[in-house]
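Quick note, the sequence shown lines up with residues 0 to 382 if you use numbering that gives the first Met the number 0. Every residue, glycine too, gets a C-beta built ideally from N, C-alpha and C. Since the model is a prediction, treat every value here as computed from it, not as a measurement. A short worksheet on the structure shown next.
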Amino acid sequence: MRAFRPWLRALLGAAVLVLLARTLGAEAFVRGVAEIDAAALLAALGIGMATTIATAWRWAVVARGLGLRLGLPRAVADYYRALLLNAVLPAGVLGDVHRAFAHRRRAAADGCAAAGGRAVRAVVLERAAGQTVLISSAILVLAARPELVTATGRLFPSPSAAAATGAGVVVLGGAAALWLLGSHSGRRRRARARAWAAEARSAVLARGRWAAVGALSAAGLAGHLALFVVAARVADVEAPTADLLPPMLVALLAMSVPVGVGGWGPRESAAALGFAAVGLGAEAGLGTAVVYGVLALVSSLPGALVLWPLRRAARRPGAPSGGRVAAADRTTSVSEEQPATDMPPPPQGQIRRMRASQAAWSTVAPGSTPTSAASSSPRTTQR
C-alpha cells in the first residue's frame, strides 16, 4: 500500500485536471500550449538557470552551516537533477530525496559517516527556508488582497459550513498533537525537534547566514514568479504584473501540496480560483497555469545532462549494482576511516604463509600445538 501512495497522489492530481477540463472546457488546456514559441522556451531555460543557481547556492550555504562540504557546481548539478525528477515523478519531492541521499553517500565516501544524517537535514532545512519565504509572501498578499480569501470561501456552501470545517481541522489537529506529545514516541519527537532547532539556528539563523539564505530564497521565488509572468503573456493575459502576482503566489503555494506530478492539479485549480478572484477569469488562470507547467518542465531539462552519465555508468559492464553498490560504499567508508601508511604491500609468499598459519590455527585440536598442526597441513608440507 505504501508503494501505491505516490501513484494514488498522481491519480488525484489527474482527477483534478479532468474536473477542471469538464468545468472550464478543454480549450483552456490546448490554447495556451499552442502559443508557446521559441522565445518562451529560451526564456524558460534562462530563468530556470538563474533560479536553480540561487536555490542551489542556498543549499550550499545551509550545508556548510552544518559542517558539510558542498561546492556550488556540484550543488547546481544535483539541484537540476532533483528538479527534473520532481517534475516527472509522483509526489513532487522524490528528486529532493534523491538529492539528499546522494549528498549523504558522498559524505560517507569522504570518510565522514556521521555526516550522513546532516546531509539529509541540510536538504530539509534548505527546502523549509524556501517554503517559509513563500508562505510569508502569500500571507502578506492575502492580507493586502482580501478578495482572494473571499474566493476561497466560495468553495463552501455557507459561512457556517466554512466555520465548521475550520473548527474540525483545529480540533483534530490539536487532538493529534496532544496524543503525539504525550506518548513515549512523542517525547522522542520533542528531543528530535530540539536537535533540529539547534541545527536550524546554526545552519540558517546564524549571524551572517540568515541574510544569505533569505536573499537567495527571495531570488528563487522571484524566478518562479518571473516564469509565471512569461506563462501569462504566452496565454494572452495582458493584465498588469502587479495584478498577476497575488494569484500566482497562491498557485505556487498550492504546488507545495504533495498531490499530482510536478504540481499538476493543485496549481491549476488554485490559479483558476485566484485569477477569478481578481477579475481576470478562471479560464485565463487555468491556461496560465498549464503554460507554466510546460515551461517549468522545459526549464528542468538540463537535469537530463546529469542523469545521462549516471545511467551510462550504471549500464557499463562490470559496474556494481543493487546490494553490491551499498557493500562497496560501506567498504569504502570503512577503509577511508583507517589511517593510511606508506608501507608497501607484503609479498605474495608472505601472504601465503600467513594464510597457512591461519589454516593451522583453525585445525588445532585440543591438547595439540599449532606447530604440529601446521606441519601436518598439506599446504605447509608441500613448501
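{"Item": "Look up Val-260 in the DSSP assignment and give the residues it is bridged to.", "Value": "Pro-89"}
{"Item": "If Arg-80 sits next to Gly-94, beta carbons under 8 Å apart, how far is it from one beta carbon to the other, in whole angstroms?", "Value": "7 Å"}
{"Item": "Report yes or no: do three or more beta-carbon pairs, one from the segment 207 to 214 and one from the segment 40 to 48, lie closer than 8 Å?", "Value": "no"}
{"Item": "Put Glu-34 into one of helix, strand or coil per three-state DSSP.", "Value": "coil"}
{"Item": "If we count Cβ pairs, one from each stretch, closer than 8 Å, do we get three or more for the segment 281 to 299 versus the segment 227 to 242?", "Value": "yes"}
{"Item": "If you draw a straight line from the C-alpha of Arg-120 to the C-alpha of Gly-129, how long is it?", "Value": "14 Å"}
{"Item": "Where do the N-terminal and C-terminal ends of the alpha helix (DSSP H) with Arg-266 fall, by residue?", "Value": "265 to 276"}
{"Item": "What is the DSSP secondary structure of Pro-72, counted as helix, strand or coil?", "Value": "helix"}
{"Item": "Relative to the C-alpha of Gly-116, which candidate in His-102, Arg-126, Asp-109 and Ala-127 has its C-alpha closest?", "Value": "His-102"}
{"Item": "Sort Gly-259, Leu-224, Arg-30 and Ser-299 by Cα distance to Leu-244 and report the nearest one.", "Value": "Leu-224"}
{"Item": "Compute the Euclidean distance between the alpha carbons of Ala-53 and Ala-108, then round it to the nearest angstrom.", "Value": "27 Å"}
{"Item": "Buried or exposed: where does Leu-41 fall if 16 or more other Cβ atoms within 10 Å of its Cβ makes it buried?", "Value": "exposed"}
{"Item": "Quick check: what's the CA-CA separation for Leu-215 versus Trp-56?", "Value": "7 Å"}
{"Item": "Can you confirm whether Leu-251, when its beta carbon is compared against all beta carbons of chain B, has any partner nearer than 8 Å?", "Value": "Absent from the structure: chain B. Only one protein chain is present."}
{"Item": "With DSSP collapsed to three states, give me the class of Pro-239.", "Value": "coil"}
{"Item": "On a Cα-Cα basis, can you pick out the residue from Leu-248, Ala-76 and Val-61 that is closest to Phe-274?", "Value": "Leu-248"}
{"Item": "Would DSSP call Arg-451 helix, strand or coil?", "Value": "There is no way to answer for residue 451, as the model of the chain reaches only from 0 to 382."}
{"Item": "How is Leu-65 classed by DSSP in three states: helix, strand or coil?", "Value": "coil"}
{"Item": "Anyone know if the C-beta pair for Leu-294 and Ala-43 falls short of 8 Å?", "Value": "yes"}
{"Item": "Where do the ends of the alpha helix (DSSP H) carrying Ser-255 lie?", "Value": "Note, Ser-255: premise wrong, no alpha helix (DSSP H); not H, not E."}
{"Item": "CA-CA distance, Ala-281 and Ser-268?", "Value": "9 Å"}
{"Item": "If you draw a straight line from the alpha carbon of Gly-261 to that of Leu-300, how long is it in whole angstroms?", "Value": "13 Å"}
{"Item": "According to DSSP, is Asp-109 helix, strand or coil?", "Value": "coil"}
{"Item": "According to DSSP, is Leu-279 part of a helix, a strand, or is it coil?", "Value": "coil"}
{"Item": "Beta-carbon within less than 8 Å of Val-32's beta-carbon, same chain only, minus the 5 sequence neighbours each way: which residues are those?", "Value": "Val-289, Val-290 and Val-293"}
{"Item": "Less than 6 Å between C-beta atoms, sequence neighbours within five positions excluded: which residues of the same chain meet that for Arg-202?", "Value": "It should be pointed out that residue 202 corresponds to Ala in this sequence rather than to Arg. Cβ within range, chain order: Val-61, Gly-64, Leu-65 and Leu-124."}
{"Item": "Return the CA-CA distance between Gly-70 and Asp-36, expressed in angstroms with no decimal places.", "Value": "35 Å"}
{"Item": "Rounding to the nearest angstrom, what Cα-Cα distance links Val-212 and Val-15 in this structure?", "Value": "34 Å"}
{"Item": "Have a look at Ser-255, Gly-302 and Leu-272 and flag the residue whose alpha-carbon is nearest the alpha-carbon of Val-92.", "Value": "Ser-255"}
{"Item": "Skipping 5 residues on each side, what residues in its chain have a beta carbon closer than 8 Å to that of Phe-227?", "Value": "Leu-243, Met-247, Ala-250, Leu-251, Thr-287 and Tyr-291"}
{"Item": "State the Cα-Cα distance for the pair Ile-134 and Arg-187, rounded to the nearest angstrom.", "Value": "28 Å"}
{"Item": "Can you tell me whether Pro-145 is buried or exposed, with buried defined as 16 or more other CB within 10 angstroms of its CB?", "Value": "exposed"}
{"Item": "Leu-82 and Gly-264 look like a contact to me (Cβ under 8 Å); what is the Cβ gap, rounded to whole Å?", "Value": "Contact flag wrong, Cβ pair sits at about 18 Å."}
{"Item": "Following the continuous alpha helix (DSSP H) through Leu-224, name the residue where it begins and the one where it ends.", "Value": "209 to 233"}
{"Item": "In chain order, what residues of the same chain have a beta carbon less than 8 Å from the beta carbon of Leu-11, not counting five sequence neighbours either side?", "Value": "Val-258, Gly-259 and Gly-264"}
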